[in-house]
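**Q** Could you have a look at this structure, given as structure tokens, before my questions?
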Amino acid sequence: MESDIQAIANCIKNGKATRIVVLTGAGISTGAGIPDFRSPDTGLYDKLAPLRLPHPEAVFHINYFSHTPEPFYAIARARHPGNLKPTLTHAFLALLAKKNLLHFLFTQNIDGLEQDAGVPKEKLLYTHGNWKSQHCYKCKSHYPDDLMNKAIRAGEVPYCLENGCGGAIKPDIVFFGQPLPAEFEEKEKEVLEADLMLVMGTSLRVAPCSRLPRLVNRGVPRVLINNERAGDLGNRDEDVCLLGTCDDVVRRLAGAVGWADELEDLWQES
Ligand code: APR
1 MESDIQAIAN CIKNGKATRI VVLTGAGIST GAGIPDFRSP DTGLYDKLAP LRLPHPEAVF
61 HINYFSHTPE PFYAIARARH PGNLKPTLTH AFLALLAKKN LLHFLFTQNI DGLEQDAGVP
121 KEKLLYTHGN WKSQHCYKCK SHYPDDLMNK AIRAGEVPYC LENGCGGAIK PDIVFFGQPL
181 PAEFEEKEKE VLEADLMLVM GTSLRVAPCS RLPRLVNRGV PRVLINNERA GDLGNRDEDV
241 CLLGTCDDVV RRLAGAVGWA DELEDLWQES
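To convert, note that position 49 of the sequence shown is 49 in UniProt numbering; the numbers rise steadily by one, no gaps.
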């Protein structure tokens, strides 16, 4: 792996990678204490059996939420960032942005830790929304943050305060069965500009994000940083698969580029 890491580090050091596009998933936040979805035993979906759902992903399906929001709020606390600290991997993404090397970041995560680490809002798209706001599922009226945080901590369903509505409050995250943010189609084109793509902490099991790595032009290195293989990464000659924990691989990659101290300092500040 060291030669692969050195090869990618050289791309960055020699100025060959200046428009880095990144796709992140739940695996970059497990180090912050937020379980991912599909890792065996530790992933969220393996832990939902007691809720007796028709299938694990129903907890995030809009049709199921519309009549039974309780399971979502039973697990919301485990997914909500609360006051969690970003990981070294989140700090690495902020460092790429600080060095004007981050062309664009697509995150599937709703925890907002990339932005908390310092990635500028204009450099990222929350493809699956985030926890930063919430509205009534029925009348769409906004719901106060403090009441939402109280409900999440208690694991209870918050209901709309508007007269006679009574609708369940839903955070502005994208449930299965809902469209992605309109910007996704427009931002997808940024992948074609990439001279390096990093795919980090994702199983690439959910479209349309899972299709983004395939849009990368041939000849452009696609680097998977993940505990396991994912998607078609590794099928192209120029692909590099750095299998391991994100924080460990990122620490070694930053070290090879000569950014070890800068990354640690940025992470400590986050
Ligand atoms: N370091 C490296 N890889 C990790 C780490 C880690 N610390 N922790 C987990 N992983 C890997 C897992 O092995 C897995 O391949 O990250 C991947 C996480 O995959 P999923 O749990 O499927 O999460 P993700 O790909 O983000 O899911 C996509 O599915 O349920 C929906 O909307 C939800 O956004 C989510 C989407």
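In this text, a Cβ means the ideal position worked out from N, Cα and C, and glycines have one as well. Predicted model, so just to flag it, every value in this text is computed and none were measured.
Have a look at Ala230 and Ile169 and give me their C-alpha separation to the nearest angstrom.
**A** Answer to the nearest angstrom: the Cα atoms are 34 Å apart.
**Q** How would you call Leu192, buried or exposed, if buried means at least 16 neighbouring beta carbons within 10 angstroms?
**A** With fewer than 16 Cβ atoms within 10 Å of its Cβ, Leu192 is classed as exposed.
**Q** If Pro35 and Gly43 are in contact, beta carbons under 8 Å, what's the gap, nearest whole angstrom?
**A** Contact holds; Cβ gap of about 6 Å.
**Q** Label His67 either buried or exposed according to how many other C-beta atoms from any shown protein chain fall within 10 Å of its C-beta, with 16 as the threshold for buried.
**A** Exposed, by the Cβ-count rule.
**Q** Look up Arg214 in the DSSP assignment and say whether it is helix, strand or coil.
**A** It is helical.
**Q** Return the chain-ordered list of same chain residues with a C-beta closer than 7 Å to the C-beta of Leu198, the five sequence neighbours on each side being excluded.
**A** Answer for Leu198: Ile20, Val22, Val223 and Ile225, listed in chain order.
**Q** Of the choices Asp239, Val59 and Glu228, whose alpha-carbon is the least far from that of Arg214?
**A** For the residues Asp239, Val59 and Glu228, the minimum Cα distance to Arg214 belongs to Asp239.
**Q** Any heavy atom of the ligand APR closer than 7 Å to the CB of Thr30?
**A** Yes - the ligand APR has a heavy atom lying nearer than 7 Å to the Cβ of Thr30.
**Q** Would you check if the distance between the CB atom of Ala91 and the CB atom of Trp259 is smaller than 8 Å?
**A** Contact flag unset, no.
**Q** Ignore the nearest five residues each way along the sequence and tell me which others in Leu51's own chain have a CB closer than 6 Å to its CB.
**A** Cβ within range, chain order: Pro71.
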